[in-house]
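Numbering-wise (our numbering), the sequence shown opens with residue 14 and increments by one. Positions of the beta carbon are idealized from the N, C-alpha and C atoms, including for glycine. If you're wondering where the values come from, they're calculated on a predicted model, not measured in any experiment.
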Amino acid sequence: MPSTLGNTDLSIFEEEPVIEAKPLLMKDDQIAELAATIRARFNLEGELCRLLRKCFKSQKGALELYRRAQRERCQRKAWEMYNDATRKASEIKVKLNNNKEKMLRAEELLKEYKRQQQTDSTAI
């Protein structure tokens, strides 16, 4: 019967009965099996951790390979652009030299024509 103080229930303050724990009785083979299961679980978790680390390393390696390929591709593209620009510049230089030669030739022809004109005008 719960004790009361006036209308207040005091049963929450009473001590609960202590339940005595009985020792867990296991046979040696059960203990060995449990120990093997625990070891296997820890080994499995360790193996999973190793596999995860290996996976992360391979992902990191793959990412590094991808980045290296991107850099090399960019470098290759830059080198191709440089070679293309150099080739175009040399073509323009050749054209300029050709035009310069044509201009020099035209100037020589003009000077010769003027000399011819002067000699013709003095001859008349």
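{"Query": "Note down the Cα distance separating Arg128 from Trp92, rounded to an integer number of angstroms.", "Result": "53 Å"}
{"Query": "Can you give me the C-alpha to C-alpha distance between Leu78 and Asp97, rounded to a whole angstrom?", "Result": "28 Å"}
{"Query": "State the Cα-Cα distance for the pair Arg52 and Asp41, rounded to the nearest angstrom.", "Result": "16 Å"}
{"Query": "Could you tell me if Pro15 is buried or exposed, where buried requires 16 or more neighbouring beta carbons within 10 angstroms of its beta carbon?", "Result": "Confidence in Pro15 is poor, its pLDDT being 49 and thus under 50, which makes the residue's placement unreliable; the coordinate value appears in the next sentence. Pro15 is exposed by the Cβ-count criterion."}
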